[in-house]
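In UniProt numbering, the protein residues as written are 1 to 541.
The structure appears below as structure tokens.
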Amino acid sequence: MGKFLNTDEAIAMGAVYQAAHLSKGFKVKRFGVRDLQISPIQAAHSKDETGSGRLIHRPIYPMKSFVPASKKVLSFTSFTEDFSVNVNYGEMRELSTDQLMEFGSLNISEIKIGGVTDVYLRETAKEGIIFKGIKIHFDLDNSGILHVDGAEMLLEQPSKAESTLASLAEKITGLFSSNNKVDETQEKNEESLKSEEISDKSYSSTNTAGNQTKVEKPTGDNVTSRPAEANKTATNAAEKKQEEKPLQIKISLKLMENILDVPPISDSEITSAKNRIAEFERKEREKAIREEAHHNLESLAVDLSDKLARDEFRRFLTADEHIALQKEISQVKSWLEDDVDMNTPTAEFIQNRKTIDDLLQPIKIRMAEDQERPSVVAELISMFNHTEIFLHLAQNLTEAEVFTEVEINTLTKLLDETKDWLTTKMELQNTLKPTDQPALPVSEGKEKLMSLDREVKYLLSKMKFAKPKVRKEEKTKETIAENNETLPETIKEVRTDSDEKSDETSKDGQPLNDANNVRGDEELKNDEQKDDKRQHDGSEL
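And the structure:
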């Protein structure tokens, strides 16, 4: 238990912990407790069924055996008829004569076993059934009370029950089959001789071959064949023995126990005891509820009388409330000191507590408002700062068209309205007294905070999943660049067409093909200059 204890303290503490563990009202760390059976318990019965023989004492639970104990079994192999067994306490030599007188009777119970004769005659009449005895089962519970669990007759039936007629038939058939067995043994001997001859030949052949190269030893297959066969037969015999285990038969017997010690409790006594326990538990619950109500009322009166003397509490009370509360507390304190006794009902404590709670209700609301208002105002100011930062970011994203103008204007309007509301309410609240109706209720401030937070979260989620739109100017520039790339190709096609025409001369006397080539070259140079200017345009970059 974590500390040194002497013998007396250890016994007392162990009993307390064990009682707490067994009860339902306490939760203690479990630890193993083993009790001792101080008085030995034994069984006494006569040597034969008639009861005229000498008395035999057989111990069941010896002295100083541990409780709870394992189950015990007593076997009786010589009884084939109904019999009885007496269970009593053994010799207690450590007790004096006066102590034995105070102990009282040593007899515990008388056990009568019935139905033995009928079961024995009925079962042993069957073929191959063997009587093995009678067993009585005993059990010692956690409280040290002895119980008789039951009695049974143990019989045994061999796996192959052979009758006398079957054994005689086997002997007769064995006489006629003896000649056949002799012939079989002769054949087996011849086969073994043949096998030996084969092994000898193999040995000689290996020797002749060994004269040429080296000497070889005979193979071990023929040598180890016989021990292997012997092992197989031995294992088969062992398996047959295991398979031929006798069948155990258990038949329950009639058991009648006559209690000679403290008689057991009757059903009516058990019912009345349960009713008394239930009534006791009901009264204990009522007592606990009454004591709790008394304690709560008394502690409330003392606490309020102390708070009324402090300025921190009195500033939330009006003059009328202060007078009414002080009067009620003084009445309750005098009533608790003078009129309350063990017979005072619980309802009176509850009623006085309810009267004080009704007077305190508006005061508690004012105090809660005064305590929670600064935190709500601080949260609103923090929300204003976050919203302004978000609005600045949203206005810079107008080119990406993530937010619409309506959404940005709505958030801006809500932010301005909430700021104006907080400013006006705080100015009014600073002019009021703690006992006046609050101009800035905490509930209304939380609603404003939630509405602003909801709008900001909506826009944040939209920005998270939005895809930026491509501007129209970029699209037009891309189309112009594509058109410029296709112009040289069209000019080349025109030149090829002009080459295919006939060689005609121009007005100056030059051929038409040469004039067309000169014009085509000039157009190509102009187009290339234009392309260079467009490619290096800064606006496109």
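Cβ atoms here follow ideal geometry from the backbone N, Cα and C, with glycine treated the same way.
Compute the distance between the beta-carbons of I329 and L359, then report whether it is under 7 Å. Start at 1 with the first residue of the sequence shown, and residue 329 comes out as number 329. Start at 1 with the first residue of the sequence shown, and residue 359 comes out as number 359. No; because the gap between Cβ atoms is not below 7 Å, this pair is not in contact.
Considering G14, what are the terminal residues of the alpha helix (DSSP H) in which it resides? Position 14 of the sequence shown, counted from the first residue, corresponds to residue 14. From DSSP, the alpha helix (DSSP H) with G14 extends over 7-22.
Please go through the same chain and pick out, in chain order, the residues whose beta-carbon is closer than 8 Å to the beta-carbon of T7, but skip the five residues on each side of it. Locating residue 7 in the sequence shown gives position 7, counting from the first residue. Within the same chain, T7 has no close Cβ partners at all.
Range of the contiguous alpha helix (DSSP H) that encloses S305: What you label residue 305 is simply residue 305 of the sequence shown in a count that begins at 1. That run of the alpha helix (DSSP H) goes 267-307.
If we count Cβ pairs, one from each stretch, closer than 8 Å, do we get three or more for the segment 242-256 versus the segment 146-154? yes
When the Cβ atoms of the segment 64-76 are set against those of the segment 137-145, are three or more pairs found closer than 8 Å? yes
Nearest candidate by alpha-carbon position, reference N86, set L308, G115, E110, K135: Indexing the sequence shown from 1 puts residue 86 at position 86. Answer by Cα proximity: E110.
Whole angstroms is fine: what's the gap from F280's alpha carbon to I265's? Residue numbering aside, residue 280 sits at position 280 when the sequence shown is read from its first letter. Residue numbering aside, residue 265 sits at position 265 when the sequence shown is read from its first letter. Going by the C-alpha atoms only, they are around 20 Å apart.
Touch check for the segment 455-469 and the segment 431-439: three-plus C-beta pairs under 8 Å? no
Measuring CB atoms only, is the segment 352-370 touching the segment 417-427, in the sense that at least three cross pairs come out at less than 8 Å? no
Residue of F403, V442, T387 minimising C-alpha distance to D416: The sequence position of residue 416 within the sequence shown is 416, counting from 1. The candidate whose alpha carbon is nearest that of D416 is T387.
Are residue 542 and E94 closer than 7 Å when you measure CB to CB? Absent from the structure is residue 542, since the part of the chain shown begins at 1 and ends at 541.
Alpha carbon to alpha carbon, what distance is there between D339 and D320? The residue you call residue 320 lines up with position 320 of the sequence shown. The residue you call residue 339 lines up with position 339 of the sequence shown. Distance between the alpha carbons of D320 and D339 is about 28 Å.
How many Å lie between A19 and E91 at the Cα? Reading the sequence shown from its first residue, position 19 is the one you call residue 19. Reading the sequence shown from its first residue, position 91 is the one you call residue 91. About 31 Å.
Please report the residue range of the alpha helix (DSSP H) in which residue 542 lies. This structure leaves residue 542 out entirely; the chain is present only between 1 and 541.
For V377, the first and last residue of its enclosing alpha helix (DSSP H): In the sequence shown, residue 377 corresponds to position 377, counting from 1. V377 -> alpha helix (DSSP H) spans 346-396.
Out of M101, G104, G144, state which residue places its alpha-carbon closest to the alpha-carbon of S65. For the purposes of this step, residue 65 is taken as the residue at position 65 of the sequence shown. Of the candidates M101, G104, G144, the one whose C-alpha sits nearest the C-alpha of S65 is G144.
Terminal residues of the continuous alpha helix (DSSP H) containing N409? On the sequence shown, position 409 is the one that residue 409 refers to. Per DSSP, N409 belongs to the alpha helix (DSSP H) from 405-431.
Quick test of your reading: I363 and L317, contact by CB under 8 Å. State the CB separation rounded to the nearest angstrom. Within the sequence shown, the letter at position 363 stands for residue 363. Within the sequence shown, the letter at position 317 stands for residue 317. Yes, I363 and L317 are in contact; Cβ-Cβ is about 6 Å, under 8 Å.
Identify whether L459 lies in helix, strand or coil by the three-state DSSP scheme. If you number the sequence shown from 1, residue 459 lands on position 459. Reduced to three states, the DSSP call for L459 is helix.
Which word fits I108, buried or exposed, when buried means at least 16 other C-beta atoms lie within 10 angstroms of its C-beta? As a position in the sequence shown, residue 108 is number 108, starting the count at 1. Burial check for I108: the Cβ neighbour count within 10 Å reaches 16 or more, so the residue is buried.
Roughly how far, in whole angstroms, is the beta-carbon of F76 from the beta-carbon of G114, given that I think they are within contact range, below 8 Å? The residue labelled residue 76 in the question sits at position 76 within the sequence shown. The residue labelled residue 114 in the question sits at position 114 within the sequence shown. The pair is not a contact, with the Cβ atoms about 14 Å apart (cut-off 8 Å).
Between the beta-carbon of I381 and the beta-carbon of A394, is there less than 7 Å? Taking the sequence shown and counting its residues from 1, one reaches residue 381 at position 381. Taking the sequence shown and counting its residues from 1, one reaches residue 394 at position 394. No; because the gap between Cβ atoms is not below 7 Å, this pair is not in contact.
Let me check understanding here. Comparing Cα to Cα, which of I270, L100, E291 lies closest to N343? Sequence index remark: in the sequence shown, residue 343 carries index 343 (1-based). Of the listed residues, the one whose Cα sits closest to N343 is E291.
Could you check if V119 belongs to the surroundings of the ligand SAM, using beta carbon to heavy atom distance under 6 Å? The ligand SAM is not part of this structure, which contains no ligands at all.
Taking G14 as the reference, which of K24, M383, R30 has the closest Cα? In the sequence shown, the residue the question calls residue 14 occupies position 14. That would be R30, whose Cα lies nearest to the Cα of G14.
Cα-Cα separation, S272 to A278: Along the sequence shown, read from residue 1 onward, the residue named residue 272 stands at position 272. Along the sequence shown, read from residue 1 onward, the residue named residue 278 stands at position 278. One C-alpha to the other measures close to 10 Å.
For S23 and V33, the rounded distance between their alpha carbons: By 1-based counting over the sequence shown, the position of residue 33 is 33. By 1-based counting over the sequence shown, the position of residue 23 is 23. The alpha-carbon atoms of V33 and S23 are separated by roughly 15 Å.
Opposing strand residues paired with Q42 [DSSP bridges]: For this step, residue 42 is matched to residue 42 along the sequence shown. Bridge partners of Q42: P59, N88.
What is the rounded straight-line gap between the Cα of D149 and the Cα of T97? Here residue 149 refers to the residue found at position 149 of the sequence shown. Here residue 97 refers to the residue found at position 97 of the sequence shown. Rounded to whole angstroms, D149 and T97 show a C-alpha spacing of 34 Å.
Given a threshold of 16 other Cβ atoms within 10 Å of its Cβ, counted over all protein chains shown, does N88 qualify as buried or as exposed? Locating residue 88 in the sequence shown gives position 88, counting from the first residue. So N88 counts as buried.
With respect to the alpha helix (DSSP H) encompassing F103, which residues constitute its N-terminal and C-terminal limits? Position 103 of the sequence shown holds residue 103. F103 -> alpha helix (DSSP H) spans 97-103.
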